[in-house]
Every structure is written in C-alpha cells, then in structure tokens.
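Comments concern the structure below.
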Amino acid sequence: MNTYITFIRKEIMETLRNKRLFVLACVFASFALLGPLMGRYMVEFINMFIPAGEMDFLFPEPTWADGYANFYMNIGQIGVIAIILLYMGVILDEKRRGTAPMMLMKGLTHTTFVMSKFTVMALTSLVVMMVSTLVAHFYTYILFDGAGRFGDAMLGGLVFWVLLLFFLVSSIFFSTIAKKPSTSAVFGLLSWFALVIFDVVQRVRDFLPFGLVGRAVEVSTGYFSRHLLANILITLGVSAVLLVASIHILKKKEL
Amino acid sequence: MSQTMAVETFGLTKRFKTATAVNNIDLAVPQGAICGFLGKNGAGKTTTIKMLTGMKKPTSGEFAIMGKKETFGKGIRAVGYLPDVPGFYGYMTGWEFLDLCARLCNMPENERKSHVDDLLKQVGLDGVKTKISGYSRGMRQRLGIAQALVNSPAVVFMDEPISALDPMGRRDIMEIISSLRGKTSVVLSTHILSDVENICDHIIIIEKGNVVEQGTLAEIKSRFTRQDSVKITFYNQDDCDKFGEQIRQAASGGLNVTDDAMRIIIQSDNITPAEISKLSAKILSNAAMPFKGLHTDAPTLDDIFYEVTK
Ligand SMILES: Nc1ncnc2c1ncn2[C@@H]1O[C@H](COP(=O)(O)OP(=O)(O)OP(=O)(O)O)[C@@H](O)[C@H]1O
Ligand SMILES: [Mg+2]
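In the order they appear, the protein sequences are chains X and R.
Using this note's numbering, the letters of the first sequence map in sequence onto residues 78 to 332.
Using this note's numbering, the letters of the second sequence map in sequence onto residues 700 to 1009.
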C-alpha cells in the first residue's frame, strides 16, 4: 500500500511535469468548443453551397442534442487518438530507459507498478473528461438556448469515460507487449480502427466499446437505452482482462 | 562448511538466438570482496550482471545471492545495481529521485531525508538543483551509484561505474567504492585495469562467455609469476649489446632475451627470476660492467589480461 501511494505520487508528478495533463486537457477542451459549434452551424454552412429549397428535407433543423453528438464523435476520434499517442510508451519508456528495473529492484512489485500507472491515467482522464463535458454543456446551452439537464450531461461524460478507460488499458497492454513505442502506437491505432469499422455493424455495435459514443449522447439527452448497462459492463470487463494480462506478461518479460 | 558467498553461480548460461553470451559459468565472490569483473567488449559481463540482478532469465543454471537461491521474476532486495547506461526520470531533481527510491524501500520517514542528503553528499551531487534531464553523463553516473546504495544492499553490481567520469570523478568514485570494503560486496565491471589493480581484491576474467581466471588478485598474480622478467638497464648501448651476447651464450637457449634501447629484458619458462638475476650479476661483475639498475618485474594485471584473453 505504501509503495502504491509512493508510485502514484511519482505518476502524478510525471503527468503534470511532462505536460500530459495539459495536452489532453487542450485537445478535449477544444473539441468541447468545436463540437457544439459544428453541431449548430454545419447545416447552415453546407446550405451556403446548395441552392435554397433543393435539399432542405435532408437536413433537419439542428437541436442541442447535435451539440453533444458532435462533441462525442470528435473526441471519440481525435481524443482517443491523442490518448493512444500520449500513452504509447507508458510501460516501454520505463523499460528502455532502465527505470523500470531500477524501481522493481527497490521493492516495487510488477502489479503495483502497473496499477499505479493505471490509477493515475484513469484519474487524469476523468478530470479532463468531466471538465470538457462541463464546457461542452455550457457552450451547447449558449449556442442552442438549451442543453438538457446538467446531471444528464455529466452522466453522459461519465459513460464516455468508460470508453476512454478501455483505450487507456489497451495502451498499457500494447506498451507491454511491443518492443518499440511506435509499434505500440500502431497496435493501438489498428485496434481503434477495427472498432470503428465494427461499429458500423448494427448487430454488434451495442456491445462493443464504441457503442458507448452513442450511449453517451443518449444519456446526455436523458435517454437510457436498455443496452447501456451491458455495454458498460462488457467494456469494463474487457479492460479488466487486458489489465490483468498486462501485469502477467510484464512479470514474464526480461527488462 | 565454508563461509557463505556473496554471489555464487552454478552453470549459469544465457543463450540468445544467434549466440551464447554466457556459457556455463561458476562464479564465487566472497562476502565483503571488491571484485573486478573483467572481459573484452562483448565478453558477457553485462549479460551476467543482468541475470544476477534478476533482469534477464538464465537459459540454464542457478545462482545465489548471500547464500539464498534467487530466481528470475522476483525482485532481489539484497542487491543494488548500477546499469551501464543509467536512466532516470528527467523531470525530477536528483533529490526527488533518491527520495522516491528510499520511499520504495520503505525507509522510515525520520531517516529518509538525512539519508538522501548524505548519499548526495557522498557522490558529490549535494547542492545541485537542476532537473536530472540537465545532468551531464558523469553526474548521471554519480546519481546512479547513489541509487544503487540507497537501501544499503549486501551486494552491489556496478556495470562500468567509472567509464563516463573525468579523472577527478574517477578518483572520487573509486574512493566511494573503496569505502564499501568489508561492509558491502561489490562486483564491478570495467576496462580500466589500473583502477582494478588499485581497489579490487578479487578478480574474475571472462572471455566469450567463459570464465578464464578467477580468484584473489594475489592468487592470480602468483599463478603468473613464471612470467616475471628481469630487466637490466645500462648507461650505453655498447655495454648493453655486450651483455646481451654474453647472457645468451651463458644460458645456451634457455632464456628469452630481448633488448630495447639500452635495456635487456630476460624471461624464461624454466629458470626462475632469482636464478636469472644471479647469472646476470655474475656476468656483470666479471666484466666490471657499469649498469643503472637491475630489477624484477611482476606481471601487471594488464599483462595477465592480455595473456588470458589472447
Ligand atoms: N539481447 C541480445 N540479443 C542477442 N545477443 C545479445 C543480446 N545482448 C547481448 N548479446 C550478445 O551477448 C554477448 C555479450 O554481450 P554483453 O553485453 O554481455 O557484453 P559485455 O561484456 O558487457 O561487453 P561490453 O564490454 O562491450 O559492455 C555479445 O556478443 C552480444 O552481442
Ligand atoms: Mg557491458
């Protein structure tokens, strides 16, 4: 327990001093502004290029729900990619620099090593996620004169955070099995891409991690789908398996 | 039952896909020894040290630290380790890094601060406020030594601890290592043999993954005394040549006589240095030949190293 807290302190220091928190916050906050803005003006923007009256029926008047939809779609892409790139070396860097064996030889266990990293990554992303949801909520309100209930919006952010947890854990996993950070990032991006593709398939969408993008939008508008719980539990379950596997594999690896 | 060894290996072997880096070695380093671990580039020193610190998995064989069998994958608390290229968290100061190490070792709060201060002073990094990312190579080496000693381990492995240091720094670090004598067992790999001769009491030489010499420095040297040579220095080349001719005749082939710039070097496989000097003295006094000096040279560690790794 002592070493867990000690190493969490070290990870927090790293997140702050290496500007990881700052970069993540910037990326997410900018989409918290850009997303609702696109939701509000995209149709008008497209209409500027299309003669009036011709295709009006295709684009219904945007509502505040589109503010959330655009926010979550954007961070589901750029936000997740930022996470993959920021954390591709989360384990590898320590191995290559030789700090991992140094720490492990002082009495830190492999489990504590990985778990304290995961804890701080989860907390960092939670803070970033909640703050940017807050920004998205109020900006949507300004643009649309309505943004649903505050509590629902926050819950939506929490649902999306579960998706982020999944990508954080996969970063740990890929950074454990890969030999180079770039390989780790390629694995991460490929898995992201695979999930994006599977998301198109209606029948599995509701159960895969990316289903949570839609769920987060729904929850923000006050709608709770019957798939919500299953979707969350499956994503958390897969993440837990990946996390345990990472610890196991790391124990077997030469440093 | 003999004394427990600080480090002992039994048929320790490490094979990589393409090569055998460490081949079935049996090492024994007594407690309190400062052991020089020597070998040419690629001889297998780093690989051996990494196995003994639990970082690399032996292909076969076993090892014990302070009499306790250790296995790969479990942290070995009794050892300290200075990597050949030590890496740190660049965003920390040296103080913060050592404090982290001390905390991980569960050092009690009240001792920790003064312990870290002491260590920094010991390696000459006290008062340095820069982040580690701004450290020079020598400073990193010093911090690396400090972290290896943070939990006062029974055995410390140092992979080339002085390779990045200036002459002053080298002397400082050698002094720190010397001060560990008797308390901590040290295994240090290095290519600077004169330093080894100064501070090491125990030597292991490996070549292509095999141990070719091991024992105390005195033992190894006595094994090589056969190669002691007698050197006689003259005032002029004429005397030198004359003497060379006479001693060659006198010994009729049993001696290996070489001369360079007014100096004759005599060496033999079957005649002892004492016999050689007696014979030489006789020739010199018979011819009343003036000479500057006559002395017997024991082989240096350099000579032994070249000999066994030829
Ligand atoms: N990961 C690896 N994969 C394959 N071969 C390796 C690996 N690590 C080391 N070797 C080989 O094992 C041998 C021993 O290497 P090692 O690094 O132990 O030598 P060393 O004695 O420390 O040399 P140096 O004095 O240059 O540091 C070398 O031939 C090296 O090529
Ligand atoms: Mg080496």
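By construction, the Cβ of each residue, glycine as well, lies at the ideal position given by its N, Cα and C atoms.
CB of residue i to nearest heavy atom of ligand 2: below 8 Å?
{"i": "T752 of chain R", "result": "no"}
{"i": "T745 of chain R", "result": "yes"}
{"i": "E707 of chain R", "result": "no"}
{"i": "E295 of chain X", "result": "no"}
{"i": "E859 of chain R", "result": "yes"}
{"i": "D817 of chain R", "result": "no"}
Grab the span of the beta strand (DSSP E) containing residue i for me, first residue to last.
{"i": "L781 of chain R", "result": "V778 to L781"}
{"i": "L848 of chain R", "result": "L848 of chain R -> no beta strand (DSSP E), and no H or E assigned at all."}
{"i": "T995 of chain R", "result": "F990 to D996"}
{"i": "F933 of chain R", "result": "S928 to F933"}
I'd like to check one pair, residue j with residue i: are the Cβ atoms closer than 9 Å?
{"i": "L887 of chain R", "j": "P866 of chain R", "result": "no"}
{"i": "G753 of chain R", "j": "F736 of chain R", "result": "no"}
{"i": "I158 of chain X", "j": "F195 of chain X", "result": "no"}
{"i": "G116 of chain X", "j": "Y81 of chain X", "result": "no"}
{"i": "D940 of chain R", "j": "T995 of chain R", "result": "no"}
{"i": "F264 of chain X", "j": "F251 of chain X", "result": "yes"}
{"i": "R869 of chain R", "j": "I905 of chain R", "result": "no"}
{"i": "C804 of chain R", "j": "V849 of chain R", "result": "yes"}
{"i": "D942 of chain R", "j": "L983 of chain R", "result": "Strictly speaking, residue 942 of chain R in this sequence is Phe, with Asp absent from that position. Result yes, Cβ atoms of F942 of chain R and L983 of chain R sit closer than 9 Å."}
{"i": "V822 of chain R", "j": "I876 of chain R", "result": "no"}
{"i": "V706 of chain R", "j": "L751 of chain R", "result": "yes"}
{"i": "T883 of chain R", "j": "S862 of chain R", "result": "no"}
{"i": "D229 of chain X", "j": "T298 of chain X", "result": "yes"}
{"i": "A109 of chain X", "j": "L332 of chain X", "result": "no"}
{"i": "G837 of chain R", "j": "L879 of chain R", "result": "no"}
{"i": "L781 of chain R", "j": "F856 of chain R", "result": "yes"}
{"i": "S967 of chain R", "j": "A980 of chain R", "result": "no"}
{"i": "S261 of chain X", "j": "K87 of chain X", "result": "no"}
Would you give the residue range spanned by the alpha helix (DSSP H) that residue i belongs to?
{"i": "T866 of chain R", "result": "Note on residue identity: the sequence assigns Pro, not Thr, to residue 866 of chain R. Taken as a continuous stretch (DSSP letters only), the alpha helix (DSSP H) holding P866 of chain R covers P866 to S878."}
{"i": "G943 of chain R", "result": "Q936 to A950"}
{"i": "E171 of chain X", "result": "L169 to R174"}
{"i": "P643 of chain R", "result": "Outside the shown range of chain R (700 to 1009) lies residue 643 of chain R, about which nothing can therefore be said."}
{"i": "N897 of chain R", "result": "L892 to I898"}
{"i": "F237 of chain X", "result": "F227 to I254"}
{"i": "L285 of chain X", "result": "No alpha helix (DSSP H) holds L285 of chain X; DSSP gives it neither H nor E."}
{"i": "P1079 of chain R", "result": "Outside the shown range of chain R (700 to 1009) lies residue 1079 of chain R, about which nothing can therefore be said."}
{"i": "Q821 of chain R", "result": "E808 to Q821"}
{"i": "K713 of chain R", "result": "Element bounds for K713 of chain R: not the alpha helix (DSSP H) but the beta strand (DSSP E), M704 to R714."}
{"i": "N654 of chain R", "result": "Chain R is shown only over 700 to 1009; residue 654 of chain R falls outside these bounds and no answer can be derived."}
{"i": "I324 of chain X", "result": "L305 to K329"}
{"i": "P139 of chain X", "result": "No alpha helix (DSSP H) holds P139 of chain X; DSSP gives it neither H nor E."}
Say the cut is 8 Å; is the CB of residue i nearer than that to a heavy atom of ligand 1?
{"i": "G1090 of chain R", "result": "Within the shown structure, residues of chain R are numbered from 700 to 1009, placing residue 1090 of chain R beyond reach of any answer."}
{"i": "G175 of chain X", "result": "no"}
{"i": "N740 of chain R", "result": "yes"}
{"i": "F715 of chain R", "result": "yes"}
{"i": "H890 of chain R", "result": "yes"}
{"i": "V911 of chain R", "result": "no"}
{"i": "V721 of chain R", "result": "yes"}
{"i": "D1011 of chain R", "result": "The structure shown has nothing for residue 1011 of chain R, since chain R only spans 700 to 1009."}
{"i": "A718 of chain R", "result": "yes"}
{"i": "G843 of chain R", "result": "no"}
{"i": "G908 of chain R", "result": "yes"}
>> Does the segment 273–289 of chain X come into contact with the segment 220–227 of chain X, if we say contact requires no fewer than three beta-carbon pairs (one atom in each stretch) closer than 8 Å?
In response: no
>> Any contact between the segment 155–170 of chain X and the segment 313–320 of chain X? By contact I mean 3 or more CB pairs, one from each, below 8 Å.
In response: They do not touch, by the three-pair rule.
> Per the contact definition of three or more C-beta pairs closer than 8 Å, is the segment 197–211 of chain X in contact with the segment 230–241 of chain X?
Replying inline: yes
> Using 8 Å as the Cβ pair cut-off and three pairs as the minimum, do the segment 286–294 of chain X and the segment 137–156 of chain X touch?
Replying inline: yes
>> Closer than 8 Å is the cut-off here; do at least three beta carbon pairs connect the segment 746–763 of chain R with the segment 805–815 of chain R?
In response: no
>> Whether or not the segment 830–848 of chain R and the segment 788–795 of chain R are in contact is what I'm after, with contact meaning three or more pairs of Cβ atoms, one per stretch, closer than 8 Å; do they touch?
In response: yes
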